[in-house]
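In what follows, a single structure is set out as structure tokens and then discussed.
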Amino acid sequence: MKFVTLGKTGITVNKNGFGALPIQRISKEDAIKLVRKAYQAGITFFDTARFYTDSEEKLGEAFLGIRKEVYFATKTAAKTTEEFWKQLDTSLHNLKTDYIDLYQFHNPAFCPKPEDGTGLYEAMLKAKEQGKIRHIGITNHRLAIAKEAVASGLYETLQFPFCYLASEQDLDLVQACKEAGMGFLAMKALSGGLITNSKAAYAFEAQFDQVLPIWGIQRETELEEFISYIANPPKMTEEIKQWIEEDRKQLSGEFCRGCGYCMPCPAGIEINNCARMSLLLRRSPSALQLTKEVQDKMRKIEDCLHCNQCKSRCPYGLDTPALLERNYEDYKQVLAGEVQV
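So, in structure tokens, the structure goes:
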């Protein structure tokens, strides 16, 4: 069994963090059953956010009475101190707790610091003094802001996209966190569903003893895969190396990670799925992407206003409107049978 200690926080858990974003898509009954099964198997770190709709509520209900047996990490997207305190109180209420183990700034467009004029970091410190939060973290999709957060010495953890598609700069960031004594939470460890080999994904993350991958889990079959790795952690073999190398070739270049920060779209386009449809068609059962419901969603691309709001919001600098158009043209060819997947 592999364990991870998140930097100087002292939080030590097995190398499977439960990403609770997907449980907002299932019923409360199913969500409670799922997270309790994870806990019973030895998973004790649960990551959510104030704006993952009812995810916090489901976690709070699931762990009522055994709160101290698990770690809750949640996030605030507050831009003012008034919003900060309101969101913190809501999270505490939803999670049915009087403290949060790790409270994180949720993908801010800047790195909050003392005396920056927003008062946000000072609010974090006050919440910590009051015992409402135990540790302060930050999440981001922007490499520059992530680097600034590490260099600042103000944060105990960083949550950043990290999987076997990582660049050299991403690897350097992980090392910088280690040297700074910061915990590193790997979001998008399955690249938003584009990585389909969980064994290879785990083996990659296992190479970094200070990294805790946050697996987004919605189905019991997905959970069972990661539970099986608790007793038998996958190791990097030649076979897995070859798989990873092939995936890196297929997913090289510009592609949508599905983070959703381009949303909402004023034309109602489900950008975070439509902009990566070509990859989804080829990396998941294609029948799932060819239903009437998905066809209707893809057809919405025709309503694009070309306002470029999505492009300006993309943390990866993608030309999102052009990406949507390419994916739509490919999708139409697949539907017409002109392209086989």
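The numbers in my numbering rise by one with no breaks, and the one at position 176 of the sequence shown is 313. C-beta atoms are modelled at their ideal positions from N, C-alpha and C, and glycine is treated no differently. Please read these numbers as outputs of a predicted model, since none were measured by experiment.
Task: Per DSSP, the bridge partner or partners of residue 296 - done: 276, 322
Task: Where the alpha helix (DSSP H) containing residue 379 begins and where it ends - done: 375-387
TODO: Work out the CA separation of residue 179 and residue 456 for me, nearest whole Å.
DONE: 42 Å
Task: Nearest-angstrom Cα separation, counted from residue 154 out to residue 479 - done: Outside the shown range of the chain (138 to 478) lies residue 479, about which nothing can therefore be said.
TODO: Give a yes or no on contact between the stretch 382-397 and the stretch 288-308, applying the rule of three or more CB pairs nearer than 8 Å.
DONE: Yes, the stretch 382-397 is in contact with the stretch 288-308.
Task: Nearest-angstrom Cα separation, counted from residue 353 out to residue 157 - done: 6 Å
- [ ] Just grab the DSSP bridge partners of residue 212 for me.
- [x] 241
- [ ] State whether the stretch 406-423 contacts the stretch 359-378, with contact taken as three or more CB pairs (one from each stretch) at a distance under 8 Å.
- [x] Here the stretch 406-423 makes no contact with the stretch 359-378; the two share fewer than three CB pairs at distances below 8 Å.
- [ ] Have a look at residue 376 and residue 228 and give me their C-alpha separation to the nearest angstrom.
- [x] 43 Å
Open item on the list: Judging by CA-CA distance, which residue of 173, 288, 462, 230 is the nearest neighbour of residue 315?
Closed with: 288
Open item on the list: Within a Cβ cutoff of 7 Å, which residues of the same chain sit near residue 224, ignoring the five residues on either side of it in sequence?
Closed with: 187, 213, 215
Task: Residue from 284, 388, 350, 378 with nearest C-alpha to residue 332 - done: 388
TODO: Can you check DSSP and say which residues form a bridge with residue 222?
DONE: Answer is none; residue 222 lacks a bridge partner.
Open item on the list: Can you tell me where the beta strand (DSSP E) holding residue 461 begins and where it ends?
Closed with: Run containing residue 461: none in the beta strand (DSSP E); it sits in the alpha helix (DSSP H), 457-472.
Open item on the list: Just to confirm, is the Cβ distance from residue 146 to residue 285 under 8 Å?
Closed with: no
TODO: Grab me the residues of residue 355's own chain with a C-beta within less than 7 Å of its C-beta, minus the 5 sequence neighbours each way, in chain order.
DONE: 159, 160, 162, 163
TODO: Have a look at residue 269 and residue 239 and give me their C-alpha separation to the nearest angstrom.
DONE: 10 Å
Open item on the list: Would residue 208 and residue 150 qualify as a contact pair, given that the criterion is a beta-carbon distance under 8 Å?
Closed with: yes
Task: Alpha-carbon spacing of residue 386 relative to residue 329, whole angstroms - done: 17 Å
Task: Rounded straight-line distance, which links the Cα of residue 478 to that of residue 334 - done: 19 Å
- [ ] Check the C-beta distance from residue 500 over to residue 144 and give it rounded, since I have them as a contact under 8 Å.
- [x] The requested residue 500 does not occur in the structure, where the chain is confined to residues 138 to 478.
Open item on the list: Once DSSP output is grouped into helix, strand and coil, what is the label at residue 479?
Closed with: Past the edges of the chain, shown from 138 to 478, lies residue 479, and the structure says nothing about it.
TODO: Evaluate residue 272 with the Cβ neighbour count: other Cβ atoms within 10 Å of its Cβ, from every protein chain shown; 16 or more gives buried, anything less gives exposed.
DONE: buried
TODO: Would you mind working out which of 264, 233, 410 sits nearest residue 425, comparing C-alpha positions?
DONE: 410
- [ ] Just the C-alpha distance for residue 274 and residue 257, rounded to the nearest angstrom, thanks.
- [x] C-alpha of residue 274 to C-alpha of residue 257: approximately 13 Å in a straight line.
Open item on the list: Using C-beta distances below 8 Å, list every residue in its chain close to residue 138, excluding the 5 sequence neighbours before and after it, in chain order.
Closed with: Once the five neighbours on either side are set aside, the close Cβ partners of residue 138 are 151, 179, 367, 368, 370.
Open item on the list: The beta strand (DSSP E) that contains residue 349, what's its start and end?
Closed with: 348-353
TODO: Just mark residue 421 as buried or exposed, buried being the case when its beta carbon has 16 or more other beta carbons within 10 Å.
DONE: exposed
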